[in-house]
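Read the structure below first, then the notes.
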Amino acid sequence: MEVMGRSCNVLCLTSCVPVREIGTRFWIISARKEEFQENGKFQKRSLFPLRVSKSIIARTAIGVFGLGFIDAGYSGDWSRIGVITPQSEELLKVAAFLVVPLCVFLIFSLPSEPNS
1 MEVMGRSCNV
11 LCLTSCVPVR
21 EIGTRFWIIS
31 ARKEEFQENG
41 KFQKRSLFPL
51 RVSKSIIART
61 AIGVFGLGFI
71 DAGYSGDWSR
81 IGVITPQSEE
91 LLKVAAFLVV
101 PLCVFLIFSL
111 PSEPNS
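Sequential numbering of the sequence shown, starting at 1, is according to UniProt numbering.
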């Protein structure tokens, strides 16, 4: 344990990446050189290298919305624990007959991106 002023720091001997705080953002310190593009500017690396198209995210959100209506209307759990009343649960059952087909229609009608 290392004591500096009022703070105590525990020396960490793991393989963690050291982080330097600059303002309010944290930056990862890397031992590798950053790659240059043809014009000499730094190439921006993304923190999340996996690319997901916006249409897939929208389709997923619409599907979860429709499944939420099915769960709230037909499971009985929400009215049993007191989140919704049994009358609201019956209303959600009826609304699920309208919302779920609309969600299925929206999922299949959204345009897909060509480079996905």
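Ideal Cβ placement from N, Cα and C applies to all residues, glycine included. Treat the numbers as computed from the prediction; the structure is a model and nothing was measured.
Annotation: the continuous alpha helix (DSSP H) that includes V104 extends over P86 to S109. W78 has its alpha-carbon roughly 20 Å from the corresponding atom of L98.
When the Cα atoms are used, A72 and C103 turn out to be separated by approximately 16 Å. Our two residues, E90 and F48, have alpha carbons roughly 42 Å apart in a direct line.
Annotation for V64: the continuous alpha helix (DSSP H) segment containing it runs K54 to Y74. Ranking F105, I62 and G68 by CA distance to the CA of A96 puts G68 first. Taking the Cα positions, T60 is about 28 Å away from T85. Contact check for V100 against G66 passes: the beta carbons are separated by less than 8 Å.
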